[in-house]
Amino acid sequence: MLRRHRGIEIKTPGELDAMRAAGIVVARTLAAVAEAAKPGVSTADLDEIAEQTIRAAGAVPSFKGYHGFPASICASVNEQVVHGIPAKSTVLADGDLLSVDCGAILDGWHGDSAVTLAIGTVSAADQALSAATRAAMLAGIEAAVPGARLTDISHAVQSSAETSSAADGIDYGQIVEYGGHGIGTEMHMEPFLPNVGKPGRGPKLKPGMALAIEPMLTGGSAETIELEDGWTVITADRSRAAHWEHTVAITDDGPRVLTLPEGS
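Okay, structure coming up:
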């Protein structure tokens with residue numbers, strides 16, 4: 001039986017290896033989607049590629065059927081922050097910014113990762129937005145070490161975003177309603193991981209914990225609206241958004257990113 005610390009699942013090294021196998025499936029799927037994501041391609045086409053890639057690896061899409069979600073990826077375009085539903089009618093165009101979130105279950109273990117893709121040639125502002133969001137994720141990963149507190153990750157994410165805002169001359173909106181989470185035998189587990197916060201709070205990080213670290217930034221307001229489909233979240237001011245995510249294990253040797261491509 002899995003151990004828990006303050007309700008947080010603790011994995012053995014072998015169980016983290018099993019999560020790594022699931023993470024490789026996710027990384028392979030996101031690579032296939034990125035390769036196909038071009039002007040004229042629909043997000044439904046990308047979803048089909050994702051599902052085929054996941055199932056060909058002997059895995060199962062985490063998202064499909066999850067609380068009724070109808071697809072294997074979330075495909076969020078431009079002002080859509082997260083949980084965009086793939087559709088034949090959503091055809092990518094040059095200059096679009098596409099965030100793709102993907103999860104897979106392999107042998108009972110979950111992997112979860114997201115990337116933001118430039119479709120064709122995007123604006124310099126959108127490139128900077130995506131880069132700032134990715135940098136915030138990497139800062140959060142760096143803070144995921146044994147002995148740290150959960151909100152040390154939150155603070156690292158927030159501080160990185162603020163540093164990018166100052167460097168880019170853009171007041172990036174930092175989404176607070178959505179954040180990272182524990183992951184392992186389920187996709188969403190304790191604890192919730194905010195993307196903003198003061199350091200030194202929350203449970204102490206221990207080897208064997210695994211977290212999905214996933215900042216979301218906007219090019220404008222941080223206020224969001226959920227559409228009537230019950231899933232798609234957009235920016236209230238219709239500014240563009242970016243989303244980056246990795247599944248990360250806490251280990252004695254430092255953060256282990258479980259959703260990197262194979263061989264990384």
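In the UniProt record's numbering, the protein residues as written are 1 to 264. Here a beta-carbon is modelled for each residue, glycine too, at the ideal position from N, C-alpha and C.
Cβ neighbours of residue i in the same chain (closer than 6 Å, five flanking residues each side left out)
i: Val-60; result: Ile-105
i: Thr-29; result: Ala-50, Thr-53, Ile-54, Cys-102
i: Pro-194; result: Ser-154, Gly-179
i: Gly-140; result: Ile-153, Ala-156, Val-157, Ile-213
i: Ile-170; result: none
i: Ala-136; result: Val-157, Ser-160, Ala-161, Pro-215
i: Ala-21; result: Leu-106
i: Gln-80; result: Thr-232, Ile-234
i: Asp-47; result: Ala-71, Ser-72, Ile-73, Pro-86
Contact belief for residue i with residue j at Cβ below 8 Å, rounded distance in angstroms
i: Leu-150; j: Gly-202; result: 3 Å
i: Leu-92; j: Lys-38; result: 7 Å
i: Ser-199; j: His-155; result: Correcting the residue identity first, residue 199 is Pro in this sequence and not Ser. Their Cβ separation, rounded to whole angstroms, is 4 Å, which keeps Pro-199 and His-155 in contact under 8 Å.
i: Ala-36; j: Asp-45; result: 7 Å
i: Ala-27; j: Leu-260; result: 6 Å
i: Arg-256; j: Val-248; result: 7 Å
i: Thr-43; j: Thr-90; result: 4 Å
Member of the options whose CA lies at the smallest distance from the CA of residue i
i: Tyr-178; options: Lys-64, His-83, Ile-73; result: His-83
i: Ser-72; options: Ile-170, Arg-240, Ala-114; result: Ala-114
i: Ala-167; options: Ile-225, Leu-129, Arg-240; result: Leu-129
i: Asp-126; options: Val-145, Gly-95, Ala-156; result: Gly-95
i: Ile-250; options: Glu-48, Gln-158, Lys-206; result: Lys-206
i: Ser-99; options: Arg-240, Lys-64, Asp-253; result: Arg-240
i: Leu-258; options: Ala-144, Trp-231, Glu-48, Arg-238; result: Ala-144
i: Ser-116; options: Gly-147, Asn-78, Thr-90; result: Before going further, note that residue 116 is Thr rather than Ser in the sequence given. That would be Asn-78, whose Cα lies nearest to the Cα of Thr-116.
i: Gly-230; options: Ala-32, Ala-131, Phe-69; result: Phe-69
i: Pro-86; options: His-67, Val-41, Ser-123, Ala-57; result: Val-41
i: Ser-165; options: Met-187, Pro-146, Thr-133, Glu-186; result: Thr-133
i: Ala-57; options: Val-25, Thr-163, Val-248, Ala-131; result: Val-25
i: Gly-65; options: Met-187, Ala-131, Thr-90; result: Met-187
i: Ala-131; options: Tyr-172, Pro-146, Glu-142; result: Tyr-172
Own chain partners of residue i with C-beta closer than 7 Å, once the 5 adjacent residues on each side are dropped
i: Asp-101; result: Ile-73, Cys-74, Val-82, Ala-114, His-243, Glu-245
i: Ala-18; result: Asp-107, Trp-109
i: Ile-8; result: Gly-182, Glu-190, Pro-191, Pro-203, Met-209
i: Met-1; result: Because the pLDDT at Met-1 is just 46, under 50, the model does not fix this residue reliably, and the point stays unresolved.
i: Gln-174; result: Gln-158, Ala-161, Asn-195, Val-196, Leu-217, Ala-222
i: Ala-236; result: Ser-221, Glu-223, Thr-224, Ile-225
i: Phe-63; result: Phe-69, Ala-71, Ser-72, Ile-73, Cys-74, Gly-103
Residue i classed as buried or exposed, judged by whether at least 16 other C-beta atoms fall within 10 angstroms
i: Gly-263; result: exposed
i: residue 265; result: In this structure the chain extends from 1 to 264, so residue 265 is not present and cannot be described.
i: Ala-161; result: buried
i: Thr-121; result: exposed
i: Ala-212; result: buried
i: Ser-76; result: buried
i: Thr-218; result: buried
i: Pro-13; result: exposed
i: residue 296; result: Nothing can be reported for residue 296, as the shown portion of the chain is limited to 1 through 264.
i: Lys-88; result: exposed
i: Ser-123; result: exposed
i: Ala-148; result: buried
i: Asp-253; result: exposed
Contact set for residue i: own chain, Cβ-Cβ below 8 Å, skip 5 residues either direction
i: Leu-227; result: Val-233, Ile-234
i: Gly-184; result: Leu-2, Glu-9, Lys-11, Glu-15, Met-19, Trp-109, His-110, Ala-210
i: His-67; result: none
i: Glu-142; result: Ala-156, Pro-255
i: Val-176; result: Pro-194, Asn-195, Val-196, Ala-222
- Message: As an exercise, report each continuous beta strand (DSSP E) stretch of at least 3 residues that is fully enclosed by the region 44-94, in chain order.
- Response: Qualifying beta strand (DSSP E) stretches, in chain order: 73-77, 80-82.
- Message: Threshold first: 3 residues or longer. Then list the beta strand (DSSP E) segments lying entirely within the region 164-246, N to C.
- Response: Qualifying beta strand (DSSP E) stretches, in chain order: 180-182, 189-193, 210-213, 216-218, 224-226, 233-235, 241-243.
- In chain order, which alpha helix (DSSP H) runs of at least 4 residues are fully inside the region 96-148? Taking only runs of at least 4 residues, the alpha helix (DSSP H) segments lying wholly in the region 96-148 are 124-142.
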